Structures are given as structure tokens and as C-alpha cells.
Amino acid sequence: RVSEIAQLGCVDFIEHDGIPCIRITDEGRGQSLKTDASRRIVPLHPDLLALGILDRLEAVKRAAGPQRVAFLTGKPARGSAGQINGAGDWLGKSFTRWLGKSGLTNDAQKGRVGYHSLRKTVVQTLQGAGVSAEVRAAIVGHELDDEHHAAYSTKSPTKAAMEALAHGLVYRLDLAATRPLLHETKSTA
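Numbering-wise (UniProt numbering), the sequence shown opens with residue 1 and increments by one.
Here it is, written out as C-alpha cells:
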């Protein structure tokens, strides 16, 4: 969810089972979750690691000092910005503008392409790659109401999720051309 990404603080980047992850939580100031299933730990995609997201994290921490800061802006975390879509409003709009400039959308497409459609694409791509419903739910924060999910939830899904992301979501990005984007910051938060 766009609001979950927008509200990430530097402290929400953790290592779990030896794997770099983000922690989606409502424990920080201004953080909220849609459902209980939204609380989760998600491995960082190998492409994000190759792009240098952990270097970006360290740069934001150094620049901001010891206070809890929002990762994307490098500014102190705060409560809801009051937009209709909450903390993710500016990120969703920025992503949509970037899509338009990138040429990844065209007028002939049916439906709207934006941040939420990216989330749906992740779910469908993982499903097409044979990733189990339990692992998909753990990655995107969906609830499953069956005994298999209850049994799976008692185990750490981090390694299974990392495997699913590494092999199920292959984008073939030009990482060298994309890496500079991680060093840009949002000037208003």
C-alpha cells in the first residue's frame, strides 16, 4: 500500500533471519495500518538492494541525525498530512506523474495505471510464478482465513518471501540508469 511505504521510517529497515527487510507497523508516530494482517516484515527485493537502497538509508540517517525520520523524505516523522489518502498521497501522485513521463502508460490502456495497480500486478505476478497464497498474503498484507494460513503464520515467512520476490518478480530493470533516483529526495513532506 502506498501509505505503508510513505510512512516508513529509517528504523523500519531491519534485518530479519539475516535478510534485509522493511517492517510495516503502526508503532511509530503517524503510522497506521489498514488491518491486523498489514503488520508484517517484508524482504527487500534483490533489485532494490542492487540499486543501493541500503546506501540511501545510511545517507538519510547520517543527514538527519538520531531522530526518527521518514525514509523517503529524510525529515522528522509526523502525523497524517491531512490529504485524502493520508501519508501516501504525495507518493501516489508522484508515482503517477513518473509513469506518465516514462512512457510506461498509453491512452489505449483500459483502466487506470498507478501505485495501486502496481500492488495488484505484484500479487498476480507472484500467483503466476506459483507462489503460495500464504506467502503472497505475507508479502502484501492480505488476510487468509483458513487453517493453512494459521499454521504458516507461526513460522517465519521471511526466507520464503525472499525466494518468492527474487524468482517471482523479475523486472529486468536497467539498474545503472535507475540507481540515481534513490539519491533524489522529496523537498516537501
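Glycine included, each C-beta is placed from N, C-alpha and C at the ideal position. Computed from a predicted structure; not experimentally measured.
Query, Result
"Beta-carbon proximity list for D26, same chain, < 6 Å, skipping 5 on both sides", "S32 and L33"
"Straight-line Cα distance separating A64 from L165", "31 Å"
"Contacts around A129, its chain only, beta-carbon distance under 6 Å, and the 5 residues preceding and following it disregarded", "G168"
"Cα-Cα separation, G52 to T35", "31 Å"
"Rounded distance between the beta-carbons of A176 and R40, thought under 8 Å", "About 31 Å; that fails the 8 Å criterion."
"Counterpart residues of R40 in DSSP-defined beta bridges", "I24"
"Beta-carbon proximity of I22 to F13, cut-off 9 Å", "yes"
"Rounded straight-line distance, which links the Cα of I5 to that of V11", "13 Å"
"DSSP state of G128 mapped onto helix, strand, coil", "helix"
"Cα-Cα separation, E134 to G141", "10 Å"
"Helix, strand or coil at A108 according to DSSP, with G and I counted as helix", "For A108, the pLDDT reaches just 48, beneath the cut-off of 50, and the residue's location in the model is therefore unreliable, although a value from the coordinates is still provided. Residue state, collapsed to three classes: coil."
"K155 - DSSP class collapsed to helix/strand/coil", "For K155, the predicted structure reports a pLDDT of 49, less than 50, and the residue's modelled location is therefore unreliable. A value from the coordinates is still provided. Here K155 sits in coil by DSSP."
"6 Å Cβ shell around V131 - same chain, five flanking residues per side excluded", "A164 and G168"
"DSSP three-state assignment for G9, whether helix, strand or coil", "strand"
"Within 9 Å, strictly: CB atoms of R119 and R29", "no"
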